[in-house]
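Asker: Can you read through this structure? Questions will come right after.
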Amino acid sequence: EDQVTQSPEALRLQEGESSSLNCSYTVSGLRGLFWYRQDPGKGPEFLFTLYSAGEEKEKERLKATLTKKESFLHITAPKPEDSATYLCAVQAYTGRRALTFGSGTRLQVQP
Amino acid sequence: EAGVTQFPSHSVIEKGQTVTLRCDPISGHDNLYWYRRVMGKEIKFLLHFVKESKQDESGMPNNRFLAERTGGTYSTLKVQPAELEDSGVYFCASSQDPVGTEDTDTQYFGPGTRLTVL
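So the protein lines, in turn, are chains Y and S.
Mapping to the working numbering: the first sequence position 82 is 83, numbers consecutive.
Mapping to the working numbering: the second sequence position 92 is 95, numbers consecutive.
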């Protein structure tokens with residue numbers, strides 16, 4: 002069974018204080034690993050897809066990286082508007098398109 | 004471009020009643036998914052439509068849940084009769100098939116319907 006574990010559960014940063022969120026996964030053949038951002042009362046908002054170990058993608062202050070066992074979401078010099086829950090999900094090479102989600106990391110960036 | 008929309012945003016019903024949730028996908032997206040998050044748990048897959056056909060129903064919890072997608076456009080998810088454990092947030096997502104060098108589709112989520120069963 003596919004599994005996704007995210008850590009930490011919650012993270013509080015000062016504005017400008019860089020950090021990383023972790024997503025460890027177990028999947029029977031990774032088809033894709035997805036990062037989403039979710040604000041309170043809203044649905045997950047797509048950020049990145051990573052397909053293979055060594056791949057990196059960037060968007061503004063966010064950079065996602067992938068190894069064979071985990072993914073990191075690096076946040077550089079965060080701003081208060083980066084406060085949200087960050088979700089990691091995997092999709093396996095089973096012919097199914099279902100995403101398996103982790104429980105998320107709640108990030109709070111204080112000014 | 005309009006995103007995925009869901010209706011209602013919030014529904015409160017009594018145990019044993021029926022509720023129908025609606026999802027309108029992004030125009031042109033053949034794939035439509037239902038997910039849900041129950042209290043304190045992670046988001047879980049329910050089912051996947053390709054156009055009007057059910058491609059994968061493996062996440063549907065039991066036969067009290069019925070999903071339809073008439074004409075391959077909008078979808079409804081009916082819960083009948085509702086139980087207390089059905090409370091949670093129901094998300095719909097849609098995607099188009101992979102294009103170019105993409106290996107898989109990107110699923111875009113709606114805002115969710117918060118269902119409360121009393």
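Where is the CB? At the ideal position from N, CA and C, for every residue including glycine.
Where does Glu57/Y sit, in a helix, a strand or coil, going by DSSP?
Answerer: Note: Glu57/Y maps to strand in three-state DSSP.
Asker: For the 8 Å Cβ check, are there 3 or more pairs between the region 70-87 of chain Y and the region 17-25 of chain Y?
Answerer: Contact between the region 70-87 of chain Y and the region 17-25 of chain Y is present, because at least three Cβ pairs lie under 8 Å.
Asker: Listing by chain order, which chain Y residues have their CB less than 7 Å from the CB of Tyr111/S?
Answerer: Result: Phe47.
Asker: Taking DSSP as the reference, what is the three-state secondary structure of Gly33/Y?
Answerer: In the structure shown, Gly33/Y sits in a strand (DSSP, three-state: E or B).
Asker: Exposed or buried, which one is Pro81/Y when buried takes at least 16 other CB atoms within 10 Å?
Answerer: Pro81/Y comes out exposed.
Asker: On the DSSP bridge assignment, give the partners of Ser98/S in chain order.
Answerer: BP columns for Ser98/S point to Asn34/S.
Asker: Considering only C-alpha positions, which residue in the set Cys89/Y, Tyr94/Y, Leu67/Y and Lys60/Y is nearest to Ala78/Y?
Answerer: When only C-alpha atoms are compared, the closest one is Lys60/Y.
Asker: Select from the region 64-87 of chain Y all residues with a C-beta closer than 7 Å to any C-beta belonging to chain S, and list them in chain order.
Answerer: If the cut-off is 7 Å between Cβ atoms, the region 64-87 of chain Y has nothing near chain S.
Asker: Output, in chain order, the set of chain S residues within a Cβ distance shorter than 8 Å of Ser104/Y.
Answerer: Near Ser104/Y (Cβ distances below 8 Å), the residues of chain S are Lys44 and Glu45.
Asker: Report yes or no: is there a C-beta of chain Y within less than 8 Å of the C-beta of Asp89/S?
Answerer: Not closer than 8 Å to any Cβ of chain Y, the Cβ of Asp89/S fails to qualify, so no.
Asker: Straight-line CA distance for Leu121/S to Arg40/S?
Answerer: C-alpha separation (whole angstroms): 17 Å.
Asker: Which one of Pro45/Y, Glu57/Y and Ile76/Y has the shortest CA to CA distance from Phe94/S?
Answerer: Phe94/S has its Cα closest to that of Pro45/Y, out of Pro45/Y, Glu57/Y and Ile76/Y.
Asker: Please confirm whether Thr1/S has its beta-carbon closer than 8 Å to some beta-carbon of chain Y.
Answerer: Residue 1/S cannot be examined here, being either before or after the span of chain S that is shown, 4 to 121.
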